[in-house]
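Chemist: Below you will find the structure I want to go over with you.
Residue numbers (the numbering used here): 28 to 199.
In C-alpha cells form, the structure reads like this:
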C-alpha cells in the first residue's frame, strides 16, 4: 500500500491533476507505539496535509459518501472528471461500521465497479482475507490485484481454486 501511495504521489508532484484521499482503519487511539511507528502509510499521509486528505477509520463512511457523490456528479455530467481521485483505504475490514452495514458494502462495490470509468480509483489493503470477506469484495472488481505472501487457504479465499502456475492479471 505504501509503495502504491508513493507512486501516485510522484504523479501528483510531477504536475498531474489528482487528489489523494487516505483512510487508515488501523489508526485508532488504543494502538501500541510499535503499531504507530510501523504505520508508514498513516505517518506519511497524516503529516503532509497539503498532499493528502487523511482520515482515521471512523471517517471511512464519510469518505465513501463523498466519493459516491462525486461519482454521481461525473456520471451525470455535473463535474468534468478530469481530476483523478485516488482513495487509499487501509484495512477497511477493521472498521466495524463498514462490514456490518449492508448498504455500505453495496456502496463500496458500486465505487469499485463504476469509479474507474469516471477517474475515481480505489486501492484497498486488506491484512486479513478472512475478515475482508465480510465486505463481500469479489476478485473480479479489481483491474489489478497484488497478492503477497499468504497461506494456501488464504490464497483460495482471494483467488479461488482456478490458479494456474503463472496466474494472469496479477502484478507484484
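Just so you know, even glycine gets a beta-carbon here, dropped at the ideal spot from N, CA and C.
(1) Please confirm if the stretch 137-157 is in contact with the stretch 97-116, defined as three or more CB-CB distances below 8 Å between the two stretches.
(2) Quick one, are the C-beta atoms of residue 32 and residue 94 less than 9 Å apart?
(3) Quick one: what does DSSP say residue 191 is sitting in, helix, strand or coil?
(4) Between 61, 60 and 117, which lies nearest to residue 48 when the distance is taken from Cα to Cα?
(5) Would you kindly check if the distance between the Cβ of residue 97 and the Cβ of residue 112 is under 9 Å?
(6) Which partner residues of residue 116 appear in the DSSP bridge assignment?
(7) To which residues of the same chain is residue 115 closer than 6 Å at the C-beta, ignoring the five residues directly before and after it?
(8) Buried or exposed: which applies to residue 143, given that a residue is buried once 16 or more other Cβ atoms fall within 10 Å of its Cβ?
(9) When we look at the beta-carbon of residue 75 and count the other beta-carbons within 10 Å, is it buried (16 or more) or exposed?
(10) Indicate the three-state DSSP secondary structure (helix, strand or coil) for residue 78 in the structure shown.
Modeler: According to the structure data:
(1) yes
(2) For residue 32 and residue 94, no; Cβs fall outside 9 Å.
(3) Bear in mind that a pLDDT of 49 at residue 191, under 50, signals an unreliable position, so the model cannot answer this.
(4) 117
(5) The answer is yes: Cβ separation under 9 Å.
(6) Beta-bridge pairing links residue 116 to 50 and 151.
(7) Closer than 6 Å at Cβ, skipping near neighbours: 32, 49 and 150.
(8) exposed
(9) Result: exposed.
(10) coil
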